[in-house]
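A short write-up of the structure that comes next.
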Amino acid sequence: MKINAECIRCILNRNVETALSLGDDEKATEFALDLMRMLLDSPDQASSPYFAPQISQLYAKHFGLSQDRYAEEKAISNRFVLERVDKISQLVAQSEDRLYAAFQFAILGNYIDFSALQGELSFDTLDGMLQKAKEFHVDADTFEQLRTDLSTGKNLLYLTDNAGEIGFDRIFAEEIHRQFPDLSITFCVRGGPTLNDATREDAKLVGIPFPVIDNGSLIPGTVLSKASDDLLKAISSADVIIAKGQANAETLMDTGHGYNVYYAFLAKCVRFTERFHTPKLSPVLIRERR
């Protein structure tokens, strides 16, 4: 999804607001000017997540912030999920439709997004959402098509999004494996610290029991032109791809890739709420195959 005026406004507003909170007006102004130059020099088809590594470099340049500036939030997120994994797994096991129940928890985990929900994220709110997981529904026909594809496919590629959230993804993937043991599952994380996105370290921390690869870059999404060889190989051999989070949707959707992709996320910004005619933080499951 190529950036549009709404994306540009969001990038500028969020980051300039953060810059103003970090330094004086002069520093924030220098940061904002560099940020605008970066946007002006962007490739024609760039999506919003494409800029994340460059924006991190600007924070390092002007304010001395680390590339891994969300390290503390990631640790808290992983701990939050690990404390609840057993209980959630138990609730899934008690459900009439275990696969759908596991999916409901996985998509709710997409709430753990310190970048998109800047200043709005609350673990108390997430706890409340988890209590009402069965009230979160996506398009039934699309989910049944996903169920069918999982039952007949040989290889599933699971594109993850955020730290913490990946623990909920583990529960969903374990249920997929339980029901379809012949389906090979591969997880993909980011190539290194970027925003509060999941890395190999986070996958290990939450106990992902499947092979883990990374996307080969610090872009919080899946940009095929920047993808690692491992990711390109996994994509080409995947019968089914589950792409969690808006960033994976923004970087893959509408690119004419031709793969069998199911995008699963909570709609967090105007562009997505308007495109899918849904309120903010509503769950969305969309299949794209050309």
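Note that this note's numbering has the sequence shown beginning at 929, numbered continuously upward. From the three backbone atoms N, C-alpha and C, an ideal C-beta is built for every residue, glycine too. Please read these numbers as outputs of a predicted model, since none were measured by experiment.
How would you label residue i, buried or exposed, when you count the other beta carbons within 10 angstroms and need 16 or more for buried?
i: F1031; result: buried
i: T1053; result: exposed
i: E1011; result: exposed
i: F1051; result: exposed
i: R1199; result: buried
i: L1085; result: buried
i: L1133; result: buried
i: G1037; result: buried
i: T1080; result: exposed
Distance, Cα to Cα, residue i vs residue j?
i: K1172; j: D1110; result: 22 Å
i: F1204; j: L1194; result: 11 Å
i: E1103; j: R997; result: 33 Å
i: F1108; j: A1101; result: 10 Å
Please return the same chain residues whose Cβ sits closer than 8 Å to the Cβ of residue i, not counting the five positions on each side in sequence.
i: M964; result: L940
i: L1160; result: L1152
Is residue i near the ligand MN, in the sense that its beta carbon is under 6 Å from a heavy atom of that ligand?
i: A1177; result: Inclusion of the ligand MN in the displayed structure is not the case, the ligand content being empty and no account of it being possible.
Per DSSP, which one or two residues make a beta bridge with residue i?
i: R1215; result: Y1190
i: C1116; result: L1087 and I1141
i: I1170; result: Y1086 and Y1190
i: D972; result: According to DSSP, which records beta bridges pairwise, D972 is partnered with nothing at all.
i: D1125; result: N1090
Skipping 5 residues on each side, what residues in its chain have a beta carbon closer than 7 Å to that of residue i?
i: V1013; result: G1095 and I1099
i: I931; result: A974, S975 and S976
i: Q1073; result: R1215
i: Y1028; result: F1071
Is it true that the CB of residue j sits closer than 7 Å to the CB of residue i?
i: A1175; j: G1149; result: yes
i: C935; j: S976; result: yes
i: Y1187; j: I1170; result: no
i: R1217; j: T1070; result: no
i: L1209; j: V1066; result: no
i: L1034; j: D1097; result: In the sequence on display, residue 1034 carries Ala and not Leu. Yes, they are a contact pair.
Given residue i, which residues of its chain have a CB within under 6 Å of its CB, disregarding the five upstream and five downstream residues?
i: V944; result: A960
i: V1151; result: T1179
i: A1091; result: K1002, S1005, N1006, N1124, A1126 and D1130
i: A947; result: A956 and F959
i: N1083; result: S1112, S1165, A1166 and D1167
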